[in-house]
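Step one of this worksheet: look at the structure below.
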Amino acid sequence: MRDVLMEIRGLSKTFHVSGGWTRRGAREVRAVRDVTLSIRAGETLGLVGESGCGKSTLGRLCLALEKPTSGEVRFEGRNIFTLTKPKRKAFRRAVQLVFQDPYASLNPRRTAGQTVMEPLLLHATDPRLVPENTRSIMRTVGLSEEQAQRYPHEFSGGQRQRIGIARAIALKPKLIVADEPVSALDVSIQAQILNLMKQLQRDFGLTYLFITHDFSVVRYMSDRIAVMYLGRIVELASNKAIFANPLHPYTRLLHRAIPVPDPRAKRPGQPAEIDDHPPSEEGCLFYPRCPERLDRCREWHPTLFEPEADHRVACIRKKGSL
Ligand SMILES: Nc1ncnc2c1ncn2[C@@H]1O[C@H](COP(=O)(O)OP(=O)(O)O)[C@@H](O)[C@H]1O
Ligand SMILES: [Mg+2]
7 MRDVLMEIRG LSKTFHVSGG WTRRGAREVR AVRDVTLSIR AGETLGLVGE SGCGKSTLGR
67 LCLALEKPTS GEVRFEGRNI FTLTKPKRKA FRRAVQLVFQ DPYASLNPRR TAGQTVMEPL
127 LLHATDPRLV PENTRSIMRT VGLSEEQAQR YPHEFSGGQR QRIGIARAIA LKPKLIVADE
187 PVSALDVSIQ AQILNLMKQL QRDFGLTYLF ITHDFSVVRY MSDRIAVMYL GRIVELASNK
247 AIFANPLHPY TRLLHRAIPV PDPRAKRPGQ PAEIDDHPPS EEGCLFYPRC PERLDRCREW
307 HPTLFEPEAD HRVACIRKKG SL
């Protein structure tokens, strides 16, 4: 088995949302709940789930952009929330982020070349090498020297994402957290960007935490897949096992929601939108929507266990077969 690059243990994040000028609307949002998983060196770990289930919050915690309410994240064995200053700087180099919307994350007054050059200049040991390094990174992501002189608004969405990726790989990171990197792009462009990311992974030995709400995208990209529901990981297994042998009823529901190429074909069991009032904290959070629920699911506190080798699930029905 590959080495563990990042280890997430018992990680939770609760946001306290004020109710405005009345206290009545104040509430807690438990965005990430007791997540434990590891990211193995060189793999793509896909994180998939409906909008609002906590994927981005988990991604931001892995980048130490957010402080956890409890639990920890270890990168190469060190807790990322208690790093000393020099170690934190090294961590910031080693773990990079690719955003969904590159337009929002690019400075409109910087050319593509300047954007990519910026992190290189910040960390350069020899500034004279920076221009050549920048050109080489631009070529790597498929942008020409002439394009390096252009500003973000002069690019298409796909090209802008190439700039976002170039900026992320500039410092030769080990781990990239890609948060919905193709969700804002036309379907015809998505495959190009996904293939570029695969190529870069091969060439530079990158590890990806690949976040998406799109089950077909996660299938295309991932070695292993973690399925998230209301802040919890409900299933974690190899890509193959998630599709050939999904153990959690929610994973099966997502399966059925994959768009069918023939638009006239009926899609059974489209998942409903997540409601704003999650069920009580007791028992399985998926209970209200679960087609296979049992009475005892209401009391059972879901935890991931491993009914099959390297295949984890949080469903009491599978517990029975142990
Ligand atoms: N900074 C924040 N303050 C308050 N609530 C937040 C904040 N960030 C995220 N949330 C809430 O946490 C939940 C998970 O959000 P998010 O991690 O963005 O989910 P996803 O990326 O899966 O769509 C949502 O209910 C969202 O409204
Ligand atoms: Mg998100």
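Throughout, the working numbering is defined as the position within the sequence shown, counted from one, plus 6.
Each residue gets a CB set at the ideal place from its N, CA and C atoms; glycine is no exception.
- K246 and D316 have their C-alpha atoms some 12 Å from each other.
- Under the 10 Å beta carbon count, S228 is surrounded by 16 or more other beta carbons and is classified as buried.
- In summary, T140 is buried, with 16 or more beta-carbon neighbours lying within 10 Å of its beta-carbon over all protein chains present.
- Annotation for I182: Q102, V104, A174, L212 and Y214 place their beta carbon closer than 7 Å to its own, counting only its chain and skipping 5 residues before and after.
- Our two residues, N251 and V136, have alpha carbons roughly 49 Å apart in a direct line.
- If you look at D209, you'll find it in the alpha helix (DSSP H) that goes V193 to F210.
- The beta-carbon distance between A172 and M203, rounded to whole angstroms, is 12 Å. This is too long to meet the 8 Å contact definition.
- C-alpha of Y157 to C-alpha of L112: approximately 9 Å in a straight line.
- Annotation for I171: the continuous alpha helix (DSSP H) segment containing it runs G163 to I175.
- Per DSSP, the beta bridge partners of S18 are S76.
- Three or more Cβ pairs closer than 8 Å define a contact, and the stretch 49-63 meets that threshold against the stretch 221-239.
- L260 carries a helical assignment under DSSP once its states are collapsed to helix, strand and coil.
- Apart from the 5 residues on each side of it in sequence, S244 sits with its Cβ closer than 8 Å to the Cβ of D229, R230, I231, D316 and H317 in its chain, given in chain order.
- It is roughly 31 Å from the alpha-carbon of T20 to the alpha-carbon of R262.
- For D185, the Cβ falls inside the 7 Å cut-off from some heavy atom of ligand 2.
- Counting C-beta atoms within 10 angstroms of its own C-beta, V193 has fewer than 16 neighbours from the protein chains shown and is therefore classed as exposed.
- Proximity to A110 across C321, G148 and A190 peaks at A190, based on C-alpha coordinates.
- Ranked by Cα distance from L43, the first of V319, W306 and P114 is V319.
- With a cut-off of 7 Å, the C-beta of S62 is classified as near ligand 2, since at least one heavy atom of the ligand falls inside that distance.
- Annotated three-state conformation of R39 is strand, per DSSP.
- Three or more beta-carbon pairs separated by less than 8 Å link the stretch 87-103 to the stretch 67-79, which places the two stretches in contact.
- Shortest Cα-Cα distance from F210 to any of F161, R238, L200 and A176 involves A176.
- No Cβ-Cβ contact shorter than 8 Å links G16 with G237.
- The C-alpha of Q106 lies about 36 Å from the C-alpha of R323.
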